[in-house]
Amino acid sequence: MIVKGEAIVLRCINYSNSSQIATFFTRGEGKVGVIGKGTRKYSKSSLSPGSLELLSHLDIVYYYKPAGSLATLKEYDVKNYFPGVRNNLNQVFNAFYILELVNECTVEQDPQKELFEVLLFAIKNINEGEDPTKVRLFFQNSLLHLMGSAPDFRTCQHCGRMLQGQPGLFSILKSNIYCLPCRRFSQGSGMQLDSESIHYLQSLSYVKLETMKHVSFPPIVTRQLDTLFRFYFRCLLNKELKMTKYISRKVIS
Ligand SMILES: [Zn+2]
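Residue numbers (the working numbering): 48 to 300.
Rendered as structure tokens:
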């Protein structure tokens, strides 16, 4: 069966002298593993799209294979190579972190159109010069919501009171927030969050990615959200992402 569609390249490795193996996140079919026979030899010209590159947004045609085996790429064209992202290391690191996160949080051939749109929107925004750390934090938050794994930051898990204008303790283990008087009930590792960070986390639960341009995080909020999401995804995935060591150095202190 031949499938046509759009894809973003999540992973790509060279395979033999001429071929490449890639993981695509496609708009219609979700994550798909493909082999590109001969693609490594392609050079950028009017007749050829060039070899497969991480991050690129492609039009693709491939021969379908069941999940677990590699589909064969028949042809492709580059819709956007995102040259703006590739100009700057901080942009590259954050964009590659987002790709790794999508790869780790999805399984093959589980269509997730909304996630595809959010991923494309995030990469386009980094490409257009939006603060890459802010885009990544928005993306991480959106991904948690799409996965159905977003914690409730509004009410204390123990006493049930709304947290408004006060700091709290987020329990990584229980994935819940506690007001400070109830912190002893959180059991295990927790992270204290300022009232400002809690306010942003509560707002983000219903803010759409499109409104990102109008929101700016104070440095303390950036630091706390960065740490929170990093630990939380590590807990969810039971592993540290490879790109973590590159992005964490770049958060404003
Ligand atoms: Zn409480």
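Using N, Cα and C, we set each Cβ at its ideal position, and we do this for glycine too.
These numbers come from a predicted model, not from an experiment.
(request) When you get a sec, list the residues whose CB is within less than 5 Å of any heavy atom of ligand 1, chain order please. (result) C203, H205, C206, C226, C229
(request) Tell me where the alpha helix (DSSP H) around H192 begins and ends. (result) 179-194
(message) Check this for me: beta carbons of V50 and Y111, under 7 Å apart or not?
(response) yes
(message) What would DSSP say about S250, mapped onto helix, strand or coil?
(response) helix
(request) Give every residue of the same chain whose Cβ lies closer than 6 Å to the Cβ of S300, excluding the five residues on either side of it in the sequence, and list them in chain order. (result) Only weak support is given to the placement of S300: the predicted model assigns it a pLDDT of 40, under 50, and the value that follows is read from those uncertain coordinates. Excluding residues within five positions, none has a Cβ falling inside 6 Å.
(request) Starting from the Cα of Q213, find the closest Cα among N223, S244, E257 and give me that residue. (result) S244
(message) Please return the same chain residues whose Cβ sits closer than 8 Å to the Cβ of F232, not counting the five positions on each side in sequence.
(response) Q204, H205, Y225
(message) By alpha-carbon positions, which one of R277, L102, S65 ends up nearest to Q138?
(response) L102
(message) Strictly by DSSP, which residues pair up with K78?
(response) F72, E155
(message) With the cut-off set at 7 Å, would you say P179 and N134 are in Cβ contact?
(response) no
(request) Spatial neighbours of M48 within its chain, please: CB distance less than 8 Å, with the 5 preceding and 5 following residues excluded, ordered by chain position. (result) Y110, Y111
(request) Can you tell me which of E76, P96, L148, V81 puts its alpha carbon nearest to the alpha carbon of I294? (result) L148
(message) Given this structure, state the Cα-to-Cα distance separating V108 from L288, to the nearest angstrom.
(response) 30 Å
(request) Please report the residue range of the beta strand (DSSP E) in which N223 lies. (result) 223-226
(message) In whole angstroms, give me the CA-to-CA distance for Q234 and G115.
(response) 40 Å
(request) Find the nearest neighbour of K171 within the set Y128, L184, E151, S222, judged by alpha-carbon distance. (result) Y128
(message) Taking the alpha-carbon of L117 as reference, which of Y144, N188, D106, K84 has the nearest alpha-carbon?
(response) K84
(request) Please report how far the alpha carbon of F200 lies from the alpha carbon of P158, in whole angstroms. (result) 29 Å
(request) Take F186 and list the residues in its own chain whose beta-carbon comes closer than 8 Å to its own, dropping the five residues that flank it on each side. (result) I145, L148, V165, L166, A169, L256
(request) Taking all protein chains shown into account, decide if C59 is buried (16 or more other Cβ within 10 angstroms of its Cβ) or exposed. (result) buried
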